[in-house]
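Quick notes on the structure that follows.
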Amino acid sequence: MASSPSPKKNPPTESAVVVQVQPPSPRLHVTTQTTGAQRRIGIAVDLSDESAFAVKWAVQNYLRSGDAVILVHVSPTNVLYGADWGSLPIKENYNLDDQNEENQQKIEEDFNLFTSTKANDIAQPLVDANIPFKIHIVKDHDMKERLCLEVERLGLSAVVMGSRGFGASRKSSKGRLGSVSDYCVHHCVCPVIVVRFPDEKDGGAGEESERDGGATLCTVMEEEQEEHDMDGKQSGAIIGLF
1 MASSPSPKKN
11 PPTESAVVVQ
21 VQPPSPRLHV
31 TTQTTGAQRR
41 IGIAVDLSDE
51 SAFAVKWAVQ
61 NYLRSGDAVI
71 LVHVSPTNVL
81 YGADWGSLPI
91 KENYNLDDQN
101 EENQQKIEED
111 FNLFTSTKAN
121 DIAQPLVDAN
131 IPFKIHIVKD
141 HDMKERLCLE
151 VERLGLSAVV
161 MGSRGFGASR
171 KSSKGRLGSV
181 SDYCVHHCVC
191 PVIVVRFPDE
201 KDGGAGEESE
211 RDGGATLCTV
221 MEEEQEEHDM
231 DGKQSGAIIG
241 LF
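Okay, structure coming up:
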């Protein structure tokens, strides 16, 4: 008597792969896996050398295993305003009033592409260190208020930012905060860590770090200061100048 054929086995199903779609400008998200992180650390970036240094510093001195990073960038709503701090080179005689709507749209697209590309370059130390991260870009005319709003909305455990790239003069005195970093120290709902960018007065540490590709940063001492309000109560911000 012939034996009955054995039932066919279904091939094993592969686990689902999560695909994250980047929404169009003005809000861009470039992500790696950040779900389940023990801490969500924000790094505020304005695409300057100071911001790039803050990312390198955080990787080598602050971030720990289990952290996920969100790079937060507030892009100006006016492209010409962005050119003032070096985001997009624009000719001096450039006049938006003389351009039609198509040219204006092309400028915005070029600016958005430049911003996202530069942000990815700044994130390279996170890639090299295998730290999960997300690039979060929004547009607003008020960088200070929007940055604090996004920090609260994203539920960050702490935020790291440069002291001089955000509204401070390059000739300002040592340890002086720019207008944006000073505002965030007093208004962010989470601790704020401010990183001072080394300059020539520090023995050229910034140039040495750049030549070394960010592999070695200068030795720094941490000085933490608790901010208090008028009633003597501790506020939510902790500032460290490095």
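Numbered per the UniProt record's numbering, the sequence shown spans residues 1 to 242. Even glycine gets a Cβ: it sits at the ideal position worked out from N, Cα and C.
- Item | Counted within 10 angstroms of its Cβ, other Cβ atoms place G82 as buried (16 or more) or exposed | Low per-residue confidence applies at G82: pLDDT is 39, beneath 50, and the placement is therefore not dependable enough to give any value.
- Secondary structure at R153, three-state DSSP: helix, strand or coil? Helix, per DSSP.
- Item | S87 (DSSP reduced to helix, strand or coil) | Because S87 sits at a pLDDT of 43, beneath the cut-off of 50, its placement in the model cannot be relied upon, and the following sentence gives the value as read from the coordinates. In the structure shown, S87 sits in coil (DSSP, three-state: anything other than H, G, I, E or B).
- Task: Taking only the alpha-carbon atoms, compute the straight-line gap between G66 and Q104 and give it to the nearest angstrom.
- Result: In a straight line, the C-alpha of G66 is about 43 Å away from that of Q104.
- Item | V189, DSSP secondary structure in three states | DSSP places V189 in coil when its eight states are reduced to three.
- Do I43 and V55 come within 7 Å of each other at the CB atom, strictly closer than that value? Yes; because the gap between Cβ atoms is below 7 Å, this pair is in contact.
- Determine the burial state of L113: buried for a count of at least 16 other Cβ atoms within 10 Å of its Cβ, exposed for fewer. L113 is classed as exposed because its beta carbon has fewer than 16 other beta carbons within 10 Å across all chains shown.
- Message: Less than 7 Å between the C-beta atoms of S181 and S157, yes or no?
- Response: In this structure, S157 does not lie closer than 7 Å to S181 by Cβ.
- Please report how far the alpha carbon of D199 lies from the alpha carbon of E101, in whole angstroms. Taking the straight line joining both Cα atoms gives about 43 Å.
- Query: Quick one: what's got a C-beta closer than 7 Å to P125's C-beta in the same chain, skipping five residues either side?
  - Reply: Result list for P125: V55, K56, V59, G214, in chain order.
- Item | Burial state of R153, where buried means 16 or more other Cβ atoms lie within 10 Å | Residue environment: R153 is assigned as exposed (fewer than 16 neighbouring CB atoms within 10 Å of its CB, all protein chains considered).
- Message: C190 and C148 - do their beta-carbons sit closer together than 7 Å?
- Response: No, the Cβ-Cβ distance between C148 and C190 is not below 7 Å.
- Item | Contained beta strand (DSSP E) runs [length at least 3] in the stretch 100 to 132, N- to C-terminal order | Segments of the beta strand (DSSP E) lying fully in the stretch 100 to 132: there are none.
- Where the alpha helix (DSSP H) containing D49 begins and where it ends: Unbroken alpha helix (DSSP H) run through D49: 49 to 61.
- Message: For E150 and K139, what's the separation of their Cα atoms in angstroms?
- Response: If I take the Cα positions, the gap works out to 11 Å.
- Query: Whose C-beta lies closer than 8 Å to the C-beta of H73 among residues of the same chain, with five residues either side of it excluded?
  - Reply: For H73, where only same-chain residues beyond five positions count, the Cβ hits under 8 Å are A44, V45, D46, L47, T115, A119, I135, H136, I137, V138.
- Item | Paired residues, beta bridge with G162 - DSSP | G162 is bridged to V195.
- Item | Backbone secondary structure at S75 - three-state DSSP | Reduced to three states, the DSSP call for S75 is strand.
- Are P131 and V195 close, meaning C-beta to C-beta below 7 Å? It is worth fixing the name first, because residue 131 is Ile in this sequence and not Pro. No, these two residues do not count as a Cβ contact at 7 Å.
- Message: For the beta strand (DSSP E) containing G42, name the first residue and the last one.
- Response: Residues 39 to 44.
- Message: Please report the straight-line C-alpha distance between P76 and N61, rounded to a whole angstrom.
- Response: C-alpha separation (whole angstroms): 30 Å.
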